[in-house]
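Reading through the structure tokens given below for one structure.
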Amino acid sequence: MSTCKPVNLLPKAPEMNIVSKIKPLIVETLTDLYGQAFTEGELTISTTKPEFEGDYTLVLFSFVKQLKKSPEQLGQEIGTSLVQRHPELFSAYNVIKGFLNLTITDAYWLSVLQEQYNNPSFGKKAPNGKKVMVEYSSPNTNKPLHLGHLRNIFLGWSIARIHQEAGYDTIKSCIVNDRGIHICKSMIAWQLFADGATPASTGLKGDHFVGDYYVKFNDEYKRQVEVLIQGGMKKEEAEKEAPVMKATQQMLLEWEAGKPDVMELWAKMNGWVYAGFDATYTRIGADFQKMYYESNTYLLGKQFVEDGLKTGVFYKKEDGSVWINLTEDGLDEKLVLRKDGTSVYITQDMGLAEQKYEEFSYDQSIYVIADEQNYHMKVLKLILQKLGKPYAAGIHHLSYGMVELPSGRMKSREGTVVDADDIVEEMANVAKAKTEELGKVKDFSEDELKGLYDTIALGALKFFLLRVDPKKKMIFNPEESIDFHGFTGPFIQFIHARIKSILRKEKPSETAYTGDLLKLEKELIVTLEQYPNVIEQACAEHNPSLLAIFIFGVAKLYSSFYTEHHVLTAETEAKKQLRLKLSEMTAHVIASAMGLLGIRVPERM
RNA sequence: GGUCCGGUAGCUCAGUUGAAUAGAGCAACUGCCUUCUAAGCAGUAGGUCAUUGGUUUGAAUCCAAUCCGGAUCACCA
Numbered sequence: 199m200s201t202c203k204p205v206n207l208l209p210k211a212p213e214m215n216i217v218s219k220i221k222p223l224i225v226e227t228l229t230d231l232y233g234q235a236f237t238e239g240e241l242t243i244s245t246t247k248p249e250f251e252g253d254y255t256l257v258l259f260s261f262v263k264q265l266k267k268s269p270e271q272l273g274q275e276i277g278t279s280l281v282q283r284h285p286e287l288f289s290a291y292n293v294i295k296g297f298l299n300l301t302i303t304d305a306y307w308l309s310v311l312q313e314q315y316n317n318p319s320f321g322k323k324a325p326n327g328k329k330v331m332v333e334y335s336s337p338n339t340n341k342p343l344h345l346g347h348l349r350n351i352f353l354g355w356s357i358a359r360i361h362q363e364a365g366y367d368t369i370k371s372c373i374v375n376d377r378g379i380h381i382c383k384s385m386i387a388w389q390l391f392a393d394g395a396t397p398a399s400t401g402l403k404g405d406h407f408v409g410d411y412y413v414k415f416n417d418e419y420k421r422q423v424e425v426l427i428q429g430g431m432k433k434e435e436a437e438k439e440a441p442v443m444k445a446t447q448q449m450l451l452e453w454e455a456g457k458p459d460v461m462e463l464w465a466k467m468n469g470w471v472y473a474g475f476d477a478t479y480t481r482i483g484a485d486f487q488k489m490y491y492e493s494n495t496y497l498l499g500k501q502f503v504e505d506g507l508k509t510g511v512f513y514k515k516e517d518g519s520v521w522i523n524l525t526e527d528g529l530d531e532k533l534v535l536r537k538d539g540t541s542v543y544i545t546q547d548m549g550l551a552e553q554k555y556e557e558f559s560y561d562q563s564i565y566v567i568a569d570e571q572n573y574h575m576k577v578l579k580l581i582l583q584k585l586g587k588p589y590a591a592g593i594h595h596l597s598y599g600m601v602e603l604p605s606g607r608m609k610s611r612e613g614t615v616v617d618a619d620d621i622v623e624e625m626a627n628v629a630k631a632k633t634e635e636l637g638k639v640k641d642f643s644e645d646e647l648k649g650l651y652d653t654i655a656l657g658a659l660k661f662f663l664l665r666v667d668p669k670k671k672m673i674f675n676p677e678e679s680i681d682f683h684g685f686t687g688p689f690i691q692f693i694h695a696r697i698k699s700i701l702r703k704e705k706p707s708e709t710a711y712t713g714d715l716l717k718l719e720k721e722l723i724v725t726l727e728q729y730p731n732v733i734e735q736a737c738a739e740h741n742p743s744l745l746a747i748f749i750f751g752v753a754k755l756y757s758s759f760y761t762e763h764h765v766l767t768a769e770t771e772a773k774k775q776l777r778l779k780l781s782e783m784t785a786h787v788i789a790s791a792m793g794l795l796g797i798r799v800p801e802r803m
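Taking this note's numbering, I'd label the letters of the first sequence as residues 199 to 803.
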């Protein structure tokens with residue numbers, strides 16, 4: 199950094215966000231002026247609306263009653279005092295109705311720019327020594343991933359990445375549901391219909407190959423049930439008696455008994471599925487540090503039942519089944535062990551939580567699971583709390599809404615599931631067509647082009663799924679492919695590429711700028727300065743959409759700036775340097791924020 | 001029926017720790033490529049914030065009731 203300028207006139211490098219900086223100053227001013235104690239929490243400070251003069255606004259209404267003065271008078275007094283006491287921070291103020299609009303000095307904003315313009319990690323926090331586990335994806339191994347999984351995966355990956363940026367040590371994990379009746383259905387169908395076919399012999403991706411047999415099972419099952427009903431059987435009975443269903447149940451028993459040929463087929467078919475999943479994960483950029491398999495964990499948790507019975511948290515019914523009564527907590531009674539002594543879903547989850555804690559001693563454990571499991575996760579946390587588990591408090595359910603079609607929920611039986619691989623490929627094709635049409639990267643090699651198409655396709659898809667508040671369900675219309683204009687990933691990628699195109703021609707010099715700031719120049723810095731806060735908030739609220747919304751605002755602002763003011767042919771050399779710095783800082787923040795969403799940004803597009 | 005979540009522009013969504021004239025994108029309409037990438041910019045139009053009542057200096061936001069949609073309350077996972 200340059201040190202040969204009159205630094206003493208400038209505020210120190212902004213480790214702290216401007217809002218947290220001015221809050222104590224306002225508190226101090228209030229106390230001095232009126233002799234009453236206020237806390238920072240009592241202040242309402244927001245960015246000043248564009249139609250008014252100023253950067254940040256203090257709402258005065260709340261003080262009127264306590265101080266028995268009109269808002270106008272309060273505003274004048276506080277404003278005068280702040281500008282007098284801290285001329286290095288406040289250059290002007292105005293009072294409109296009950297709002298005190300404060301203008302921060304250009305010098306302050308320029309110091310922010312000067313300190314951070316070449317910092318690609320602006321907003322990154324120092325390690326806080328805390329460990330967070332994020333469990334996401336968690337697929338079944340009987341069919342390929344679909345659009346709903348993608349929302350889960352992008353959310354999980356992003357929330358882990360955001361925590362990492364906020365200073366946490368993160369471990370991404372996945373619990374694979376690799377056992378159970380649904381797997382056996384694919385296995386039975388393969389035995390019946392495959393005639394030895396494999397993914398290799400058919401050229402199909404393993405997860406799709408196995409998924410096809412799951413569909414074949416259901417078709418056959420439906421056919422057999424129909425035949426039995428026509429033979430005079432009742433529907434419920436037919437559903438139980440259909441030969442393929444009986445064979446499947448038999449197979450599940452054999453699996454649990456460890457029958458060698460069943461285990462072998464199971465391992466083989468799961469292997470195909472994993473190969474398929476891995477290909478998808480690699481393409482979309484998902485990764486895990488720890489895989490858990492239900493075939494290993496489904497017996498866990500039984501020791502909890504013993505403990506719970508001893509401490510009276512659980513109780514046993516006459517038939518031998520074990521329950522917990524949660525009615526005092528507003529929930530129902532919940533079974534934790536079947537009468538035959540086998541564990542249920544929630545028992546396994548207790549066991550897995552314990553195992554994760556033993557292995558990683560996490561401070562926080564985030565489960566990315568659809569909102570249909572809100573009740574289950576509430577119960578899980580509550581039970582663990584009642585059992586006095588130290589890790590119970592750190593359990594957080596990142597609940598997200600379903601991705602629905604305009605016609606309603608996706609249903610695999612009706613063939614309305616949007617396949618993950620298909621949608622990625624489709625987006626890549628759109629990206630290709632669009633790129634070729636624009637013809638801006640004709641000199642790219644085959645590989646570079648392919649990389650660019652995936653970057654844009656995944657940018658569009660990830661941004662589309664992450665820009666919405668996770669807890670809200672969202673509508674996806676397959677008729678219209680995901681847009682590349684407006685509030686989208688590709689728009690932001692485009693702005694980044696544009697900036698890079700300038701920076702390839704010239705890089706900013708280190709000398710600090712000391713002149714005036716035009717409206718858009720200042721607005722850009724004011725906005726960029728908020729980035730560390732946005733990371734913090736996205737982390738605290740487990741909500742990547744805050745980053746998506748923020749970074750779109752940045753990109754839009756830069757786009758206006760870019761159209762209105764020239765960088766390389768600026769009015770003066772000093773202005774050019776200023777704008778080069780603005781451009782570089784914007785590019786860094788875009789790359790960083792998009793990175794937290796799992797989206798790459800191209801140098802050219 | 002109990003619990004939870006949602007209802008904001010034609011569509012998809014922000015805004016929901018109360019604050020100024022409720023914001024974006026898409027779609028529609030008007031302009032702008034001989035100057036750093038037009039996947040862009042500038043602008044026009046589009047609203048009974050589901051309804052009713054309440055609290056407040058101030059309500060899309062808080063409270064109550066009602067209507068609509070969804071999830072869940074399995075010895076399935």
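Note that CB positions come from ideal geometry on N, CA and C, so glycine has one too.
Computed from a predicted structure; not experimentally measured.
query	result
Out of curiosity, what's the CA-to-CA distance linking Thr540 and Asp405?	30 Å
Here's the rule I'm using: 16 or more other beta-carbon atoms within 10 Å means buried, otherwise exposed. How should Met214 be labelled?	exposed
Any idea if Gly327 is buried or exposed, counting beta-carbon neighbours within 10 angstroms, 16 or more meaning buried?	exposed
Within 10 Å of its beta-carbon, does Ala465 have 16 or more other beta-carbons around it, so buried, or fewer, so exposed?	exposed
Inspect the CB distances between the segment 295-313 and the segment 244-263 and report whether three or more fall short of 8 Å.	yes
Out of Leu343, Gly233 and Leu580, which has the shortest C-alpha to C-alpha gap to Gly528?	Leu580
So, with DSSP's three-state summary, where would you put Leu715?	coil
Give me the residue from Glu492, Val310, Lys515 and Glu678 with the minimum Cα distance to Thr545.	Glu492
Please work out which residues of its chain come closer than 6 Å, Cβ to Cβ, to Phe288, disregarding the five sequence neighbours upstream and downstream, and give them in chain order.	Leu280, Val281 and Leu300
Going by the CB atoms, is the gap between Cys372 and Leu450 shorter than 7 Å?	no
So Tyr598 packs on Lys669, CB below 8 Å; how close in whole Å?	6 Å
Could you tell me whether the segment 348-360 touches the segment 413-422, using the rule of 3 or more Cβ pairs below 8 Å?	no
Between Ala211 and the rest of its own chain, which residues show a CB-CB distance below 6 Å, the 5 nearest in sequence each way excluded?	Summary for Ala211: the model assigns pLDDT 38, below 50, so the residue's position carries little reliability, and this model does not support an answer.
If you draw a straight line from the alpha carbon of Glu249 to that of Ile294, how long is it in whole angstroms?	12 Å
Taking all protein chains shown into account, decide if Gly796 is buried (16 or more other Cβ within 10 angstroms of its Cβ) or exposed.	buried
If you pair each beta-carbon of the segment 376-391 with each one of the segment 436-454, do three or more pairs fall below 8 Å?	yes
According to DSSP, is His763 part of a helix, a strand, or is it coil?	coil
Using a threshold of 7 Å, state whether the C-beta atoms of Leu664 and Pro742 are closer than that.	yes
Quick check on DSSP: helix, strand or coil for Val332?	strand
Could you give the distance in angstroms between the alpha-carbon of Ala753 and the alpha-carbon of Ile690?	6 Å
Do Leu722 and Leu780 have their CB atoms nearer than 7 Å?	yes
Could you check which residue in Asp547, Asn523, Pro269 and Ala477 has the C-alpha nearest to that of Gln501?	Asp547
Which runs of the beta strand (DSSP E) at least 3 residues long sit entirely within the segment 213-293? Give them in chain order.	243-245 and 254-257
Which two residues bound the contiguous alpha helix (DSSP H) that contains Leu664?	Glu644 to Leu664
Okay, do the segment 356-363 and the segment 389-400 touch, 3+ Cβ pairs below 8 Å being the bar?	no
Using the beta-carbon count (16 or more within 10 Å), is Asn338 buried or exposed?	buried
Got a sec? Which residues, its chain only, sit under 8 Å from Ser319 by beta carbon, not counting five neighbours each side?	Ser790
Going by beta carbon distance, what residues of the same chain come within less than 7 Å of Val787, once the five residues before and after it are set aside?	Phe320, Leu726, Tyr729 and Val752
Mind checking which residues open and close the beta strand (DSSP E) that includes Gln571?	Run containing Gln571: none; DSSP gives neither H nor E here.
Just how far apart, CA to CA, sit Leu718 and Lys773?	13 Å
Which residues does DSSP list as the beta-bridge partners of Asp367?	Lys329
Would DSSP call His594 helix, strand or coil?	strand
Classify Asp476 as buried or exposed, calling it buried when 16 or more other Cβ atoms lie within 10 Å of its own Cβ.	exposed
Can you check whether the CB of Met600 is closer than 7 Å to the CB of Lys671?	yes
Select from Gln234, Thr478, Ile243 and Leu241 the residue whose C-alpha is nearest the C-alpha of Leu265.	Gln234
Per the contact definition of three or more C-beta pairs closer than 8 Å, is the segment 509-522 in contact with the segment 557-572?	no
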